[in-house]
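Residue numbers for the sequence shown follow this note's numbering, beginning at 56 and rising by one.
Beta carbons: idealized from backbone N, C-alpha and C, even for Gly.
Take a look at the structure below.
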Amino acid sequence: MMSILGTLFIGLIAGFIARAIKPGDDGMGWIMTAVLGVAGSFVASYGGAALGLYSPGQPASFIGSVVGAVLLLVAYGFLKKKQA
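Below you can see the structure in the form of structure tokens.
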């Protein structure tokens with residue numbers, strides 16, 4: 056249970072870091088940024104562990120979470136542009 060809560064907390068931080076790293080103005084609020092950060096964190100943490108790249112809780116897991124959140128922010132931006 057603590058692993059999921061830790062991933063959730065790291066995801067919130069990773070989402071805001073990813074938002075600061077990714078250039079451009081998407082006009083999304085902090086809630087959507089946090090949701091995408093948490094999703095990126097879960098995908099990167101458990102996907103990286105499943106592939107054997109690192110185990111959850113390692114510093115590489117946090118870096119993977121930020122990268123996953125940036126990728127989700129970019130994908131969300133592309134999808135939002137296509138709809139407009």
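I'd like to know whether the C-beta atoms of ILE72 and SER96 end up nearer to each other than 7 Å. Stepping through the sequence shown from its first residue, residue 72 is reached at position 17. Stepping through the sequence shown from its first residue, residue 96 is reached at position 41. The answer is no: Cβ separation not under 7 Å.
In this structure, how does DSSP classify GLY66 when only helix, strand and coil are distinguished? On the sequence shown, residue 66 is found 11 positions in, with the first residue counted as 1. When secondary structure is reduced to three states using DSSP, GLY66 falls in the helix class.
Inspect the CB distances between the region 85-105 and the region 124-136 and report whether three or more fall short of 8 Å. Output reads yes: the region 124-136 touches the region 85-105.
Secondary structure of SER58, DSSP reduced to three states: In the sequence shown, the residue the question calls residue 58 occupies position 3. SER58: helix per DSSP, three-state reduction.
Enumerate in chain order the residues of its own chain whose CB-to-CB distance from THR88 is below 7 Å, with the five nearest sequence positions on each side excluded. The count along the sequence shown starts at 1 and reaches residue 88 at position 33. Hits under 7 Å: GLY70, PHE71 and ARG74.
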